[in-house]
Amino acid sequence: MKFLFPLCILILLFTACEQAYTPKPRGYFNIPFPEKKYQVFDLPGYPYTFEYPVYAKVVKDSLFFGEQAENPYWINIEFPSLNGKIYMSYKEIGPRENNLEALVNDAFKMTYKHTYKADYIDEKEIYNAHGVSGLFYEVGGNAASAKQFFATDSTRHFLRGALYFDATPNADSLAPVHRFLEEDMWHLVETLKFQKPNSKNQIPNPKSQIPN
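Residue numbers for the sequence shown, in mature numbering (1 follows the signal peptide of the UniProt record, and there is no 0): -20 to -1, 1 to 192.
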């Protein structure tokens, strides 16, 4: 009996210390988003104009993922507060090299190379009031670029954009930012307008400098 009483006390103590564990859902930081306001990108010499957010900045892209940019009209739209960037590559459509079919196929391949990490790829058609058409891609899952598009006037101009973040791709944590910036990308393509060529049938070189 002298051993039974202490044993009962120990059992009661261990029982009292046990607590039911309820797993909690994973949480992410609350991200404050700026107010939606837009400004016009319309620098002399560039073959396109569009509206982009006031909380973004346009930077000239002389190097594209380590490779030399094909022409002076490749730019990045950076979102410093959101750690994101839209890479924008421009190409002039030609009769043989850079023909429209080849450019569309290249854009298709660049989007679908994310297939191995994508849960799905959704395509939405682009048509705006300035005669611009194209496709907007939403890539589901932990793909490196979840929002992409190409836009063209079908005769001379071809523009491609892809959104990237300086962070490990995580669809859950980046979902609110993706939704926020997707609105801005749609606003960009809906206001996108391509310039007409000058009298020499050439696209002029940019006269105004933007930061590198």
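Even glycine gets a Cβ: it sits at the ideal position worked out from N, Cα and C.
{"Check": "Measuring straight from C-alpha to C-alpha, what distance separates residue 175 and residue 137?", "Outcome": "9 Å"}
{"Check": "Please report the straight-line C-alpha distance between residue 81 and residue 135, rounded to a whole angstrom.", "Outcome": "11 Å"}
{"Check": "Which of helix, strand or coil does DSSP assign to residue 140?", "Outcome": "strand"}
{"Check": "Near residue 69, what residues of its chain come up, given a Cβ to Cβ distance below 6 Å and the 5 sequence neighbours on each side ignored?", "Outcome": "54, 140"}
{"Check": "Between which residues of its own chain and residue 87 is the CB-CB distance below 7 Å, once the five residues before and five after are set aside?", "Outcome": "130, 140"}
{"Check": "If you compare alpha carbons, which of 78, 41, 79 is closest to residue 67?", "Outcome": "41"}
{"Check": "With respect to the alpha helix (DSSP H) encompassing residue 92, which residues constitute its N-terminal and C-terminal limits?", "Outcome": "80 to 92"}
{"Check": "Flag this pair as yes or no: are the beta carbons of residue 31 and residue 148 separated by less than 8 Å?", "Outcome": "no"}
{"Check": "Go to residue 66, then tell me how far its beta strand (DSSP E) extends in each direction, as first and last residue.", "Outcome": "64 to 72"}
{"Check": "Looking only at its chain, what residues have a beta carbon closer than 7 Å to the beta carbon of residue 58, apart from the 5 residues adjacent to it on each side?", "Outcome": "36, 37, 39, 65"}
{"Check": "Rounded to the nearest angstrom, what separates residue 99 and residue 123 at their Cα positions?", "Outcome": "9 Å"}
{"Check": "Just to confirm, are residue 63 and residue 152 a CB contact at a threshold of 8 Å?", "Outcome": "no"}
{"Check": "Going by beta carbon distance, what residues of the same chain come within less than 6 Å of residue 126, once the five residues before and after it are set aside?", "Outcome": "119, 158"}
{"Check": "What is the C-beta distance between residue 92 and residue 106, in whole angstroms, given that I count them as a contact (C-beta under 8 Å)?", "Outcome": "About 18 Å separates the two Cβ atoms, so there is no contact after all."}
{"Check": "Using three-state DSSP, classify residue 156 as helix, strand or coil.", "Outcome": "helix"}
{"Check": "Buried or exposed for residue 79, please, with buried defined as at least 16 other CB atoms from any protein chain shown within 10 angstroms of its CB.", "Outcome": "exposed"}
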